[in-house]
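Accompanying notes for the structure given below.
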Amino acid sequence: MNRDRLLQKVSAKTNVRTEDILKLANQLQSKDLKKEANLRQLIQEVSKLAGKPVSKEKEDRIIALVQNNQIPENLENLM
Numbered sequence: 718m719n720r721d722r723l724l725q726k727v728s729a730k731t732n733v734r735t736e737d738i739l740k741l742a743n744q745l746q747s748k749d750l751k752k753e754a755n756l757r758q759l760i761q762e763v764s765k766l767a768g769k770p771v772s773k774e775k776e777d778r779i780i781a782l783v784q785n786n787q788i789p790e791n792l793e794n795l796m
């Protein structure tokens, strides 16, 4: 699947503009996601873009999963 088609699918499913997805992806390339502060910032930005609030408990759970390399294949299960 080419990049544009993938972005269109993600945009349609999440109601997030393609431009915002690309902007977020570009920001991620310069961030060290092993740092908790960067992970929290990423989670909050994605939450804001998607219009879906993330509780402190869920944020902590996501961070623990990422830091322990236990990211599930189906990320929708985290929501």
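Reading the sequence shown from the start, the letters are residues 718 to 796 in the numbering used here.
Yeah, the Cβ is synthetic: ideal placement off N, Cα and C, and Gly gets one too.
Computed from a prediction, not measured in an experiment: that's the story for all the values here.
Chain-order list of residues whose beta-carbon lies under 6 Å from that of residue i (same chain, five-residue window excluded)
| i | result |
| --- | --- |
| residue 763 | none |
| residue 776 | 760 |
Same chain only: Cβ atoms within 8 Å of residue i, ignoring 5 sequence neighbours per side
| i | result |
| --- | --- |
| residue 725 | 735 |
| residue 747 | none |
Continuous alpha helix (DSSP H) stretch holding residue i: start and end
| i | result |
| --- | --- |
| residue 728 | 720-731 |
| residue 756 | 753-767 |
Same chain only: Cβ atoms within 7 Å of residue i, ignoring 5 sequence neighbours per side
| i | result |
| --- | --- |
| residue 738 | 724, 727 and 728 |
| residue 756 | 750, 780 and 783 |
Any contact of the stretch 763-776 with the stretch 723-737, i.e. 3+ C-beta pairs under 8 Å? Contact holds: three or more Cβ-Cβ distances are below 8 Å.
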